[in-house]
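Residue numbers (our numbering): 1459 to 2001. A virtual CB, placed ideally from N, CA and C, is assigned to each residue, including glycine.
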Amino acid sequence: MIDNELVVKILQKTTALLEIVGENPFRAKSFAIAAQNIASFPESLESYVTKGIKPNIPGVGAGIWKEIVELFKENTFQPMQEVLKILPPELPELLNVPGIGPKKIQQLWIQAQITSPKELLQACYENKLLNIKGFGEKSQKNIQRALEFYLANQGFYHLHTAYALWDSFAQKFPYPVFPVGELRRFCPTIQQIEGLTKLNQTIDFQLDNWILNVQNDDFADFFSLDKQHHIRIYKSSSETFYKSYFLLTGSQIHIEAVLKETELNFQSEEEIYQANGFTFVPPECREGIGELENTEQKVAHLIDKKDVVGIFHAHTTWSDGANSLSEMVDACQKNGYHYLGISDHSQSAFYANGLSIGRVTAQQEEIRSINQKLTDFTVFSGIESDILPSGELDYPEEILKTFDFVIASIHSSFNMNAEEATRRLIKAIENPYTRILGHPTGRLLLIRSGYPIHHQYIIDACAANHVAIELNCNPYRLDIDWTWIPYMAEKNVLCVLSPDAHSLKGIQDIHWGVQVARKGMLAAEQCVNCWNTEEVRIWLTNK
């Protein structure tokens, strides 16, 4: 599905590819400007394409708009295809590796004839980068580390990407088909997209954009036309469907712990658990890490999307968000939320238009003005304050105390060992104005592993200082990792589900956070977002 976000990504990639080949810099800049302005355009480009009208977007002239129209209609972006023909096939893949930009890729290609991630990794192992101007021992080590992580995670999908592929496929499949495996368990990253259908006959139909590659009595494999994506569909009779559904969903540890009676056919998954002496476990939780202990109590309190009544951690055009404060408030109201905690970037985040002290005051005045007009919705004034290398927050006390809440996050100086990172985080946690610890490891799933931390020490410090921990719902983060939710519960540390929304669409990421939080059996009462406005107000004022 092509939407504004995909158009922006394609324009950005085209910009980068043009920079690699050293094409006319003005052409590359024109695509970059178009991408930037489309990213903040509030309306759907598709609606303009359908109507045959060019939208009034700065930087999107007739030429670029013509190519965008072709993208929607023909599923191809000609300027990008033209430059791809010039480059070695695997060279653009280097753009996916953190720390390697277009200019460096151009150097590696022209000066060292390196044309793929594997060739670059081999060059790092052989110290060949030291012979290229601008590459030193430290940069070579960082590139090697990033490449090793990148190559080790090839073949995995982000959760939201896997579901988008699945939904597209399932809509085309002519019979009811249900996700299983990692997909049904909402694992943060997905290695294999799998489904199950009540069909035990030969599959003899073709699907748009999918090729039937292999099939046998148990399953059929489909590949996308570009061979980049693979979906396996298992087949089952109606009689054995629920047993197959159970067996194909849970981890092996969970399955072996539950299923003692293997001969019977069942009419539901609930019947499987009952027959084996267990309370039903929701599919997200079937990981084999304690979900079968006190299950009835845990399931009774398990968080659900409908329990979430408010949002924390949202960015606006005051810093690097795509939408205004008023637009974000309006979107939250339309989604049925009762409050919104605004937390734009702080002054150290110059890369994200962070708020100077003067702009903090101006934003808080706008928040007060909005709150005066609202009767059934509240905007809480917060900030995502950078944790400096010293562990200090980047505003003086007289500014920090003006916020309703402070999210303390690390956004720079990631090159730390576990002891250094843990000390830095604990120093910030001990700041009396820190209310929420943001994305504790700084990880970006399948992109970078984040800095190592001693999770237990961090959670213990949050317990001692009455600081909540964010589960960042952005599907590229999902940080804190869900496996630490049980220890947070043991230590009575509250969780805040934060979409880290930088646009109206980003608000919807709360969905992924809820599903992943359920894996750790997060109780609704342990999640601040499930409290009503007055309960939140009391919590914010009584640290």
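Practice prompt. Kindly confirm or deny that the region 1573-1587 and the region 1504-1522 touch, where touching means at least three C-beta pairs closer than 8 Å.
Written response: no
Discussion item. Just to confirm, is the Cβ distance from F1636 to L1617 under 8 Å?
Written reply: no
Worksheet item: If you draw a straight line from the C-alpha of T1991 to the C-alpha of Y1797, how long is it?
Response: As the crow flies, the alpha-carbon of T1991 is around 7 Å from that of Y1797.
Item to complete: Excluding the 5 residues preceding and the 5 following T1660 in the sequence, name in chain order all residues of the same chain whose CB lies nearer than 8 Å to its CB.
Response: Q1673
Fill in: Sequence ranges, beta strand (DSSP E) only - wholly within the region 1930-1960, length at least 3
1953-1956
Worksheet item: Going by beta carbon distance, what residues of the same chain come within less than 6 Å of F1738, once the five residues before and after it are set aside?
Response: E1728 and Y1731
Worksheet item: Cα separation between I1884 and A1922?
Response: Looking at the two C-alpha atoms, the distance is approximately 11 Å.
Item to complete: Take E1742 and list the residues in its own chain whose beta-carbon comes closer than 7 Å to its own, dropping the five residues that flank it on each side.
Response: Taking C-beta separations shorter than 7 Å and ignoring five residues to either side along the sequence, the partners of E1742 in its chain run R1643, F1644, Q1973, R1976 and K1977, following chain order.
Discussion item. To test your reading of the DSSP string, which unbroken alpha helix (DSSP H) runs of 4 or more residues are found completely within the region 1604-1685?
Written reply: You should have 1617-1630 and 1639-1642.
Item to complete: Tell me where the beta strand (DSSP E) around D1802 begins and ends.
Response: In the DSSP assignment, D1802 falls within the beta strand (DSSP E) that extends over Y1797 to H1803.
Discussion item. Pull the bridge partners of D1844 from the DSSP assignment, please.
Written reply: DSSP output for D1844 lists S1867 as bridge partner(s).
Worksheet item: Is R1690 helix, strand or coil by DSSP?
Response: Here R1690 sits in strand by DSSP.
Discussion item. DSSP has A1926 in a bridge; who is on the other side?
Written reply: I1894
Discussion item. For A1772, report the span of its beta strand (DSSP E) as first-last.
Written reply: For A1772, the uninterrupted beta strand (DSSP E) segment begins and ends at G1768 to A1772.
Discussion item. Taking the alpha helix (DSSP H) that N1495 belongs to, which residues open and close that run?
Written reply: P1483 to A1497
Practice prompt. Spell out the partners DSSP gives A1981 in its beta bridges.
Written response: L1760
Discussion item. Starting from Q1725, trace the alpha helix (DSSP H) in both directions and tell me its first and last residue.
Written reply: Looking at the DSSP string, Q1725 is not in any alpha helix (DSSP H), and its letter there is neither H nor E.
Fill in: Same chain, Cβ closer than 7 Å to R1893, five either side skipped, listed in chain order
Spatial neighbours of R1893 in its own chain (CB-CB distance under 7 Å, excluding positions within 5 residues in sequence) are listed in chain order as F1863, V1864, V1925, A1926, L1998 and K2001.
Practice prompt. Return the Cβ separation of L1760 and N1734 in integer angstroms, given the expectation that the two are a contact with Cβ distance under 8 Å.
Written response: Rounded, the Cβ-Cβ distance is 20 Å, inconsistent with contact.
Item to complete: Apply the 10 Å Cβ neighbour rule to R1826 and answer buried if 16 or more other Cβ atoms are within range, or exposed otherwise.
Response: exposed
Worksheet item: Buried or exposed: where does A1789 fall if 16 or more other Cβ atoms within 10 Å of its Cβ makes it buried?
Response: Around the beta-carbon of A1789, 16 or more other beta-carbon atoms lie within 10 Å, marking it buried.
Worksheet item: Between L1665 and the rest of its own chain, which residues show a CB-CB distance below 6 Å, the 5 nearest in sequence each way excluded?
Response: If we look at L1665 and ignore the five residues flanking it on each side, its Cβ neighbours are K1630.
Worksheet item: Counting Cβ pairs, one atom from each stretch, are 3 or more of them under 8 Å apart for the region 1941-1955 and the region 1868-1882?
Response: no
Worksheet item: Where do the ends of the alpha helix (DSSP H) carrying E1504 lie?
Response: L1503 to K1509
Fill in: Close beta carbons around T1472, own chain, < 6 Å, minus the five adjacent residues each side
F1489, P1537 and M1538
Worksheet item: Considering only C-alpha positions, which residue in the set G1900, R1817 and H1688 is nearest to G1613?
Response: H1688
Worksheet item: Thinking C-alpha only, which one of F1699, E1751 and C1985 is nearest K1764?
Response: With distances taken between CA atoms, K1764 lies nearest to C1985 out of F1699, E1751 and C1985.
Worksheet item: CB-CB under 7 Å to N1950, same chain, minus the five flanking residues each way: which ones, in chain order?
Response: A1921
Practice prompt. Taking 8 Å as the cut-off, decide whether the C-beta atoms of S1804 and S1839 are in contact.
Written response: no
Fill in: Beta-bridge pairing of S1839 - partner residues as DSSP gives them
I1800
Worksheet item: What number of angstroms, rounded off, separates the C-alpha of Q1494 from the C-alpha of I1468?
Response: 12 Å
Discussion item. With distance defined between alpha-carbon atoms, name the residue in D1802, D1958 and E1697 nearest to L1936.
Written reply: D1958
Practice prompt. Using a threshold of 8 Å, state whether the C-beta atoms of V1638 and Y1703 are closer than that.
Written response: yes
Discussion item. Runs of 4 residues minimum, wholly inside the region 1695-1722: which ones carry the alpha helix (DSSP H) assignment?
Written reply: 1699-1707 and 1710-1716
Discussion item. My assumption, with CB atoms under 8 Å, is that P1556 sits in contact with R1901. Please give the rounded CB distance.
Written reply: Not really, about 11 Å apart at Cβ, beyond 8 Å.
Item to complete: Just tell me which of E1697, F1663 and E1749 has its CA closest to the CA of A1678.
Response: F1663
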